[in-house]
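Here the structure comes first, spelled out in structure tokens, and everything after it is commentary.
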Amino acid sequence: MKTSYHRIATGATAHAAQLAALAEGSRLRTLSPRKGLDFASNDYLGLAGSADLRAAVADAVAAGVPVGSGGSRLLRGNHEEHEAVEAEAARHYGSEAALFLATGFAANAALFGTLPQRGDLVVHDELIHASTHDGMKLGRAGRVAARHNDVQSFADAIARWRAGGGTGQVWIAVESLYSMDGDQAPLADLHALARAEGGWLVVDEAHATGVFGPGGRGLAHAIAGEPDVLSLHTCGKALGVEGALLCGSRVLIDFLVNRGRPFIFSTAPSPLIAHAVRHAIRLSAAADDRRAALSARFDHANAQLAARLGVPRTGSQIIPVIIGDNGLTMRTGAALQAGGFDVRGIRPPTVPEGTARLRLSITLNVTRDDIDALVDLMAGSLAEAA
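Last residue of the sequence shown? That's 620 in this note's numbering, and every number before it is there in order.
Written out as structure tokens, the structure is:
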């Protein structure tokens, strides 16, 4: 018993030392409540707290839609609301079929841990989301990073693999709109490369869903119905709810249902949430006015940050203000929060070393005047730090 307690104490000491090292490098993460004007969330269209979504949930509760599913989808957890949101997603996003999962992280874990097979190769953008990396670790395919948004780097990686004897399928994995940089992937060229290789293009539309494309269908809407394209639409950002929808060919979706362990062995998402997501997709489809207002707002933010601080324009609602130093980034973020603006610092390993940044997220929860006031305070804070 003493030996067991000693091991526990030793482990706790090691954990404490690692936390202390994180704190010393200005990398310690802590939870803090939301406060101030929203420049941090992904609620781009302002739907999360909307009266429309609240009413949809209230109506579903009144109609007897259960809060909990009670089990996995393959046991008793499957509900008509799950099937309804999947049918709605397939119609709206233009795919043959769709599968609803609890989170985008779970969706990427299921996708990359299941579909690429032993002997295949996943070529991913070097800046792709952490959930994709974790999904690839669960799978049996080889994996290699390509330079960010560099189609030739993707092609070269595939060519090296083929020259080394690779004969399996190629999976090209990208985000359509990158969550920490706000720039867009060259989807048409990447799709052409995937097609030339007889492989698949996997597009994470998380930050484009609801914001870009006709009816908010995303940046890959023009190719979404192709049999060699699989897209992921998360529901907790512009759609304002939670969950994720994998959209693709029927055979790929059926394979995930049969072999995707994160899907098979997880309790099904709430039927009530599935109902809310279905309603959110319809709201998004009819939200051209919201998209126009959001576009005008993030155009203004891009222009102001470029003029006042020399921040490169992203052309999207995500604008990184790269500072570099971890401590300065967090101190500047704290000054902005003290001034009433909810801006969060992002540090390595979430972003590459030396690129700590303030990630500004422009939503319909703030006004042009709010943006101008934020830029004023940010300019002053950075000038004082310099």
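Even glycine gets a Cβ: it sits at the ideal position worked out from N, Cα and C.
Just so we're clear, the structure is a prediction, and the values are computed from it rather than from any experiment.
Given 7 Å as the limit, tell me if residue i has its C-beta closer than that to any heavy atom belonging to the ligand ATP.
i      : result
THR589 : Inclusion of the ligand ATP in the displayed structure is not the case, the ligand content being empty and no account of it being possible.
According to DSSP, residue i sits in a beta bridge with which residue or residues?
i      : result
ARG377 : VAL356
PRO554 : ARG593
ALA332 : CYS481
ILE406 : VAL357 and LEU435
SER615 : Its beta-bridge partners do not exist; DSSP assigns none.
SER306 : THR501
GLN386 : DSSP lists no partner for GLN386.
GLN418 : LEU411
Can you tell me whether residue i is buried or exposed, with buried defined as 16 or more other CB within 10 angstroms of its CB?
i      : result
PHE499 : exposed
ARG394 : exposed
ASP636 : The displayed coordinates of the chain run from 235 to 620. Any statement about residue 636 would go beyond what the structure contains.
ARG268 : exposed
GLN551 : buried
GLY447 : buried
ALA430 : exposed
ASP359 : buried
GLY470 : buried
LEU308 : exposed
GLU322 : buried
GLN538 : buried
VAL511 : buried
HIS513 : buried
ARG493 : exposed
SER266 : exposed
ARG396 : exposed
Thinking C-alpha only, which one of the options is nearest residue i?
i      : options                           : result
ALA442 : TYR412, ASP423 and ALA426         : TYR412
LEU335 : GLU587, HIS467 and PRO267         : HIS467
GLY338 : GLU618, HIS534, GLU360 and GLU476 : GLU476
VAL437 : VAL445, HIS455, ARG268 and PRO448 : HIS455
GLY544 : GLU258, GLY450, ASP462 and MET612 : MET612
LEU628 : ALA343, ASP384, ALA472 and GLY416 : Past the boundaries of the shown model lies residue 628; the chain is included only from 235 to 620, so the question cannot be answered.
GLY588 : ARG565, ILE580, ILE596 and ASP559 : ASP559
ALA502 : THR264, ALA294 and VAL301         : VAL301
VAL463 : LEU528, ILE556 and ALA331         : ALA331
ARG547 : ASP368, VAL378 and GLN418         : GLN418
ILE556 : MET414, GLN386, ALA428 and PRO420 : MET414
ALA289 : GLY494, ALA535, ILE507 and LEU562 : ILE507
LEU427 : ASP384, GLY398 and GLY259         : ASP384
GLN571 : LEU592, PRO582 and VAL585         : LEU592
ALA296 : PHE532, THR584, HIS509 and ALA568 : HIS509
ALA274 : GLY353, ILE553 and GLY561         : ILE553
PHE346 : ILE487, ILE596, LEU517 and THR563 : ILE487
ALA375 : LEU562, PHE388 and GLY402         : GLY402
LEU473 : SER284, ASP368, SER260 and ALA251 : SER284
GLY445 : ARG531, ASP293 and ARG352         : Checking the displayed sequence, the identity of residue 445 turns out to be Val instead of Gly. Cα-wise, what sits closest to VAL445 is ARG531.
GLY614 : ARG578, THR597, GLY567 and ILE596 : GLY567
Can you list, in chain order, the residues of its chain with a C-beta nearer than 8 Å to that of residue i? Leave out the 5 residues immediately preceding and following it.
i      : result
LEU271 : GLY574, PHE575, ASP576, ASN599, VAL600, ASP604 and LEU608
Quick one: what's got a C-beta closer than 7 Å to residue i's C-beta in the same chain, skipping five residues either side?
i      : result
LEU262 : LEU253 and LEU256
ILE362 : ALA407, VAL408 and GLU409
ARG310 : GLY304
VAL505 : Per the sequence presented here, residue 505 reads as Pro, with Val not at that position. Cβ within range, chain order: VAL299, PRO300, SER303, HIS313, GLU315 and HIS316.
Go ahead and pull the three-state DSSP assignment for residue i.
i      : result
LEU466 : strand
ARG581 : coil
PHE446 : coil
VAL545 : coil
PHE575 : strand
GLN252 : helix
THR244 : helix
GLN351 : coil
THR563 : helix
THR501 : strand
ASP622 : Outside the shown range of the chain, which is 235 to 620, sits residue 622, and nothing can be said about it.
LEU345 : helix
LEU411 : strand
VAL295 : helix
LYS471 : coil
GLU698 : With the chain running from 235 to 620 in the structure shown, residue 698 is simply not present.
ASN599 : coil
ALA621 : This structure cannot settle anything about residue 621, because the visible part of the chain is limited to 235 through 620.
ILE392 : helix
HIS425 : helix
ILE507 : helix
PRO496 : helix
ASN312 : coil
ARG525 : helix
Less than 8 Å between CB atoms is the rule here; does residue i satisfy it with respect to chain C?
i      : result
ALA292 : The structure shown contains no chain C; it holds only a single protein chain.
I'd like the list of long-range same chain contacts for residue i, defined as Cβ closer than 6 Å, with 5 residues on each side in sequence excluded.
i      : result
VAL404 : LEU355, ILE392, GLU431 and GLY433
SER529 : none
ALA340 : PRO496
ARG451 : TYR327
VAL378 : VAL357 and ALA391
PRO461 : SER483
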